[in-house]
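Quick note: the sequence shown uses this note's numbering, first residue 29, plus one each step.
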Amino acid sequence: MPFPAQRLRRLRASPGLRRMVRETPLAPDDFIYPLFVVHGQGVRREIGSMPGVFNLSVDEAVAEAQEVYGLGIPAVILFGLPRHKDPVGLENFDEGGIVQQAIRAIKKAVPGLVVITDVCLCEYTDHGHCFILREGRFDNDATLEVLGKVVVSHAQAGADLVAPSGMVDGMVAAIRAALDAGGHAMTGVMSYAVKYASGFYGPFREAANSAPAFGDRHAYQMDPANAREALLEAGLDVQEGADVLMVKPGLPYLDVLRRVREAFDLPLAVYNVSGEYSMVKAAAANGWLDERRVVLETLTAFKRAGADLILTYHAKDAARWLNQG
Ligand code: PBG
């Protein structure tokens, strides 16, 4: 009877041994926490489809930022809900805009926290698209001009990184040029380089009030069937001067994340999006899944696939669990 000489179970036999041979570390340092900021005072309104996630007025966002920083999470990403929407999205590049106010307040209260801003038109335009429309068509290059104004206003308010998410061709180059011309050469660009037209953004559109008024985003976001195209998108953003690349959504695109990791050496982020969060929360609320286990397993999978950074609504809970050991 031949016995196995190699018994891989030996190194799984105790917590100490497992810790020693663990290949993929996960820590609060890896997380970026999204915040949705709204006008008003003392506003803390839970999003129906995202339990534990809130629309926050600036004062409440500052309190949240303090908590996030205290948990060891290095960064937040801000999304703004403007007072008014219009065809261009004027509040998007207004010095008094909601995101600009939030950047200044958070930077003042928590100077050590990295502040990233989502840069897109969809939350600000009355039609809900990520582009300027002209005669019912997406006007790519007019959109680039608006994006340039938005990033300069975010940089002026003190953002460390701007994160364009509109899948506008040439957006990274246009933003880099606008920042440099505006005297913000040190403000970085985290590009949503590889962003798919995904059904998993549903709950976010409730949180950010950004659903398109007509049509969908298939003419600018990527077809979920395409992976080689992801390398083209990422390659262009590298050439255009991106500082950090992103793949979005996360779990259904781990293969894409791995391929982008292997092809490029820039820091790589993944967005564990709203629908991924809502599924876990709903299943956990029903007692169908162990939330802590599933969240830590999922976040570890992103690191294993090659992500350096994870944008996730689970960040605060996960940091708490990791800090407890
Ligand atoms: C804005 C933007 C979206 C998300 C991040 N930035 C929505 C969209 O593209 O419709 C989605 C994030 C999430 O689902 O958590 N363009």
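Even glycine gets a Cβ: it sits at the ideal position worked out from N, Cα and C. Keep in mind it's a predicted model, so treat the numbers as computed, not measured.
Where does the unbroken alpha helix (DSSP H) through residue i begin, and where does it stop?
{"i": "Ser-181", "result": "168-185"}
{"i": "Asn-351", "result": "343-352"}
{"i": "Gly-263", "result": "256-268"}
{"i": "Lys-135", "result": "126-137"}
{"i": "Leu-273", "result": "It is not in any alpha helix (DSSP H) - Leu-273 instead sits in the beta strand (DSSP E) that spans 272-276."}
Going by beta carbon distance, what residues of the same chain come within less than 6 Å of residue i, once the five residues before and after it are set aside?
{"i": "His-182", "result": "Thr-145 and Val-190"}
{"i": "Arg-111", "result": "His-67"}
{"i": "Val-178", "result": "Asn-120, Phe-121 and Val-147"}
Let me check one thing: in DSSP terms, what residues is residue i bridge-paired to?
{"i": "Thr-326", "result": "BP columns for Thr-326 are empty, so no partner."}
{"i": "Phe-159", "result": "According to DSSP, which records beta bridges pairwise, Phe-159 is partnered with nothing at all."}
{"i": "Leu-109", "result": "Val-66"}
{"i": "Ile-144", "result": "Ile-105 and Leu-189"}
{"i": "Leu-339", "result": "Ile-60 and Tyr-299"}
Could you name the residues of the same chain whose beta carbon sits closer than 7 Å to that of residue i, not counting the 5 residues immediately before and after it, in chain order?
{"i": "Ala-335", "result": "Leu-285, Leu-296, Ala-297 and Val-298"}
{"i": "Lys-136", "result": "none"}
{"i": "Ala-311", "result": "Leu-317"}
{"i": "Ala-201", "result": "Glu-268 and Gly-269"}
Alpha carbon to alpha carbon, how far is residue j from residue i? Give it in angstroms, no decimals.
{"i": "Thr-52", "j": "Ala-205", "result": "37 Å"}
{"i": "Val-65", "j": "Gly-80", "result": "15 Å"}
{"i": "Trp-349", "j": "His-246", "result": "38 Å"}
{"i": "Tyr-341", "j": "Tyr-61", "result": "6 Å"}
{"i": "Val-49", "j": "Leu-39", "result": "8 Å"}
{"i": "Pro-102", "j": "Val-266", "result": "24 Å"}
{"i": "His-157", "j": "Gly-243", "result": "9 Å"}
{"i": "Val-323", "j": "Ala-213", "result": "37 Å"}
{"i": "Asp-188", "j": "Val-142", "result": "6 Å"}
{"i": "Met-195", "j": "Val-222", "result": "8 Å"}
{"i": "Phe-232", "j": "Phe-159", "result": "18 Å"}
{"i": "Leu-109", "j": "Gly-278", "result": "24 Å"}
{"i": "Pro-43", "j": "Cys-150", "result": "47 Å"}
{"i": "Pro-252", "j": "Tyr-224", "result": "6 Å"}
{"i": "Pro-280", "j": "Ala-236", "result": "22 Å"}
I'd like the span of the beta strand (DSSP E) that includes residue i, first residue to last.
{"i": "Glu-92", "result": "Element bounds for Glu-92: not the beta strand (DSSP E) but the alpha helix (DSSP H), 86-98."}
{"i": "Val-116", "result": "Careful: Val-116 lies outside any beta strand (DSSP E) and carries neither H nor E."}
{"i": "Leu-45", "result": "Counting along the chain, Leu-45 falls outside any beta strand (DSSP E), though it belongs to the alpha helix (DSSP H) covering 43-48."}
{"i": "Glu-51", "result": "First-last for Glu-51: undefined, no H or E at that position."}
{"i": "Glu-74", "result": "72-75"}
Once you ignore the five residues that flank residue i on each side, which residues in its own chain have a CB closer than 8 Å to its CB?
{"i": "Glu-95", "result": "Lys-344"}
{"i": "Gly-100", "result": "Ala-55, Pro-56, Asp-57, Ala-347 and Asn-351"}
{"i": "Leu-282", "result": "Ala-329, Phe-330 and Ala-333"}
{"i": "His-155", "result": "Pro-115, Leu-161, Pro-240, Ala-241 and Phe-242"}
Just list the beta strand (DSSP E) runs in the stretch 203-238, keeping only unbroken ones of 3 residues or longer that don't cross its boundaries, in chain order.
216-223
So within the stretch 287-332, which uninterrupted beta strand (DSSP E) runs reach at least 3 residues, ignoring any that extend past its ends?
296-300
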